[in-house]
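Before any comments, here is the structure.
Residue numbers (our numbering): 1 to 319.
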């Protein structure tokens, strides 16, 4: 019992639960494989129908991906993007993969920034104050969005620039080797068991997943896209790519210009006439963002130092 507790503690704190997540993966995928092996036929050997078989296994896999989080969510989102080739039961279940993922605590965000900027504090790196000091910028401790491998915080630098600070979740660096090994092992087993060439996709998918965790690569791709768009007359002036700030970017921290916008999968927002925020302000709309009331924000921080979760003015506006 003591030994089991020690193993659990080491796995949780040293390997970010990599061993436990891998065991969960093997257990669930084995159950799914056995279920399909036995029941994927016109008359299932146990109970239910083929649609019910799809439904229960879609739920099993969805629960696995959500429970493990991290790169597993990224894999689930990749599946969801190609869900048209899957049974309807999988399409319905995996459409929920784009819901916001849980946020890391602020302490974890600070740790990643310190590690990637040579031990410098968040205040030093971005020139912000969490207690309302004059002449300093602002930064929200609560993320504006949280995805599978990172979360985004709003900040206003001392020079007035508003930025999106994308910070990789602290546990990803520890989990990636476990996750990729489990992915390769499960894919190899499924290829052999079902006599399908699943494993041929592994090298490409593995490379893509590794690049997903390299924000320097993402920054390079973003700048390349800016060049391509500016060189294409049909896109120039119609497509806007946020500026990357390389001096505030590392392998696990990506800092870009802040842009007001809407989610790509928000159909109502995408099909309505969006005004680009209050007063039609947004760099993408060729006008500056309406200014932040810095004095009001600093008063808020001085009176409630533990606050400051929502400092950015809300600008969403549609006709």
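Backbone N, C-alpha and C fix where the C-beta goes; we use that ideal spot for every residue, glycine too.
Keep in mind it's a predicted model, so treat the numbers as computed, not measured.
Limits of the alpha helix (DSSP H) - the one that residue i falls within
i: residue 296; result: 294-303
i: residue 226; result: 215-230
i: residue 157; result: Run containing residue 157: none; DSSP gives neither H nor E here.
i: residue 130; result: Unbroken run through residue 130: none, as it is neither H nor E.
i: residue 78; result: 71-81
Sub-9 Å separation of residue i and residue j beta-carbons
i: residue 48; j: residue 62; result: no
i: residue 321; j: residue 128; result: Since the first residue of the chain shown is 1 and the last is 319, residue 321 is not available in this structure.
i: residue 94; j: residue 150; result: no
i: residue 104; j: residue 192; result: no
i: residue 255; j: residue 244; result: yes
i: residue 408; j: residue 35; result: The displayed coordinates of the chain run from 1 to 319. Any statement about residue 408 would go beyond what the structure contains.
i: residue 109; j: residue 122; result: yes
i: residue 257; j: residue 165; result: no
i: residue 298; j: residue 107; result: no
i: residue 178; j: residue 69; result: no
i: residue 86; j: residue 147; result: no
i: residue 173; j: residue 26; result: no
Straight-line Cα distance separating residue j from residue i
i: residue 15; j: residue 293; result: Annotation note: pLDDT 43 at residue 15 (below 50); position unreliable, no value reported.
i: residue 296; j: residue 60; result: 48 Å
i: residue 46; j: residue 39; result: 7 Å
i: residue 119; j: residue 111; result: 9 Å
i: residue 202; j: residue 154; result: 36 Å
i: residue 222; j: residue 187; result: 32 Å
i: residue 225; j: residue 81; result: 22 Å
i: residue 152; j: residue 161; result: 16 Å
i: residue 268; j: residue 84; result: 22 Å
i: residue 300; j: residue 290; result: 19 Å
i: residue 237; j: residue 229; result: 9 Å
i: residue 89; j: residue 50; result: 10 Å
i: residue 91; j: residue 302; result: 49 Å
i: residue 190; j: residue 198; result: 7 Å
i: residue 44; j: residue 55; result: 14 Å
i: residue 41; j: residue 117; result: 56 Å
i: residue 30; j: residue 213; result: 28 Å
i: residue 139; j: residue 312; result: 9 Å
i: residue 231; j: residue 159; result: 30 Å
i: residue 115; j: residue 137; result: 21 Å
i: residue 271; j: residue 23; result: 44 Å
i: residue 33; j: residue 71; result: 21 Å
i: residue 233; j: residue 21; result: 49 Å
i: residue 235; j: residue 264; result: 18 Å
i: residue 227; j: residue 113; result: 29 Å
i: residue 28; j: residue 206; result: 21 Å
i: residue 98; j: residue 314; result: 23 Å
i: residue 215; j: residue 135; result: 30 Å
Closest by C-alpha distance to residue i, when choosing among the options
i: residue 211; options: 183, 182, 226, 176; result: 176
i: residue 261; options: 189, 117, 239; result: 239
i: residue 101; options: 67, 226, 311; result: 67
i: residue 309; options: 242, 141, 185; result: 141
i: residue 180; options: 160, 195, 167, 204; result: 204
i: residue 322; options: 235, 131, 158, 218; result: Not covered by the structure: residue 322. The range shown for the chain is 1 to 319.
i: residue 253; options: 167, 23, 182; result: 167
i: residue 219; options: 247, 231, 197, 199; result: 247
i: residue 200; options: 27, 185, 43; result: 185
i: residue 78; options: 208, 144, 117; result: 208
i: residue 217; options: 194, 250, 196; result: 250
i: residue 195; options: 215, 28, 37; result: 37
i: residue 144; options: 25, 27, 271, 259; result: 259
Enclosing beta strand (DSSP E) for residue i [first to last residue]
i: residue 169; result: From DSSP, residue 169 is part of no beta strand (DSSP E); its letter is neither H nor E.
i: residue 254; result: 253-257
Which whole runs of the alpha helix (DSSP H) in the stretch 87-111 are 4 residues long or more, in chain order?
With a minimum length of 4 residues, the continuous alpha helix (DSSP H) runs that stay inside the stretch 87-111 are 88-94.
Taking only runs of the beta strand (DSSP E) that begin and end inside the stretch 11-69, which ones reach a length of at least 3 residues, in chain order?
Listed in chain order, there is nothing to give.
Report the start-end ranges of each beta strand (DSSP E) in the stretch 175-203 that is 3 residues or longer and not cut off at the edges.
Correct list: empty.
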